[in-house]
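Residue numbers (our numbering): 838 to 930.
Built from N, CA and C at the ideal position, the CB exists for glycine as well.
Quick notes on the structure that follows.
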């Protein structure tokens with residue numbers, strides 16, 4: 838079990854941190870017409886306002902970017918793996 842932190846601004850609150858675990862890795866996720874095949878599933882709360890914030894392991898490494906929660910369920914959230922994000926960062930540097 839790997840503990841992690843989710844950082845964001847849920848519901849407009851400043852810099853909130855939630856704790857969770859990795860519930861699954863390499864999950865397929867469709868958002869609109871885009872497909873992400875390397876998505877991290879977590880039970881850390883990712884609420885409106887958390888999207889775009891980091892998902893951080895206990896070593897302080899960003900492992901993913903908070904993306905969405907499975908609505909209306911609870912305890913199922915998704916973050917796009919940093920491996921999917923790195924090429925985008927390089928493109929805009």
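(request) Closer than 6 Å by C-beta to residue 863: which residues in its own chain qualify, once you throw out the five before and the five after it? Chain order, please. (result) 875
(request) Taking only the alpha-carbon atoms, compute the straight-line gap between residue 928 and residue 889 and give it to the nearest angstrom. (result) For residue 928 and residue 889, the distance between alpha carbons rounds to 18 Å.
(message) Quick check: what's the CA-CA separation for residue 854 versus residue 884?
(response) 11 Å
(request) Report all residues from its chain with a CB closer than 8 Å to the CB of residue 913; omit the five preceding and five following residues, and keep chain order. (result) For residue 913, where only same-chain residues beyond five positions count, the Cβ hits under 8 Å are 860, 878, 880, 906 and 907.
(request) Give the C-beta separation of residue 839 and residue 858 to the nearest angstrom, bearing in mind that I take them to be a contact with Cβ-Cβ under 8 Å. (result) 6 Å
(message) At the level of alpha carbons, what is the spacing between residue 917 and residue 903?
(response) 7 Å
(message) So, at 8 Å on beta carbons, what are the nonlocal neighbours of residue 850 in its own chain, with the 5 sequence-adjacent residues on each side left out?
(response) 886
(request) Answer with buried or exposed for residue 843, where buried requires no fewer than 16 other C-beta atoms within 10 angstroms of its C-beta. (result) Buried is the call here.
(request) Might you give, ordered along the chain, the residues of its own chain that have their beta carbon closer than 7 Å to the beta carbon of residue 852, omitting 5 neighbours on each side? (result) 844 and 846
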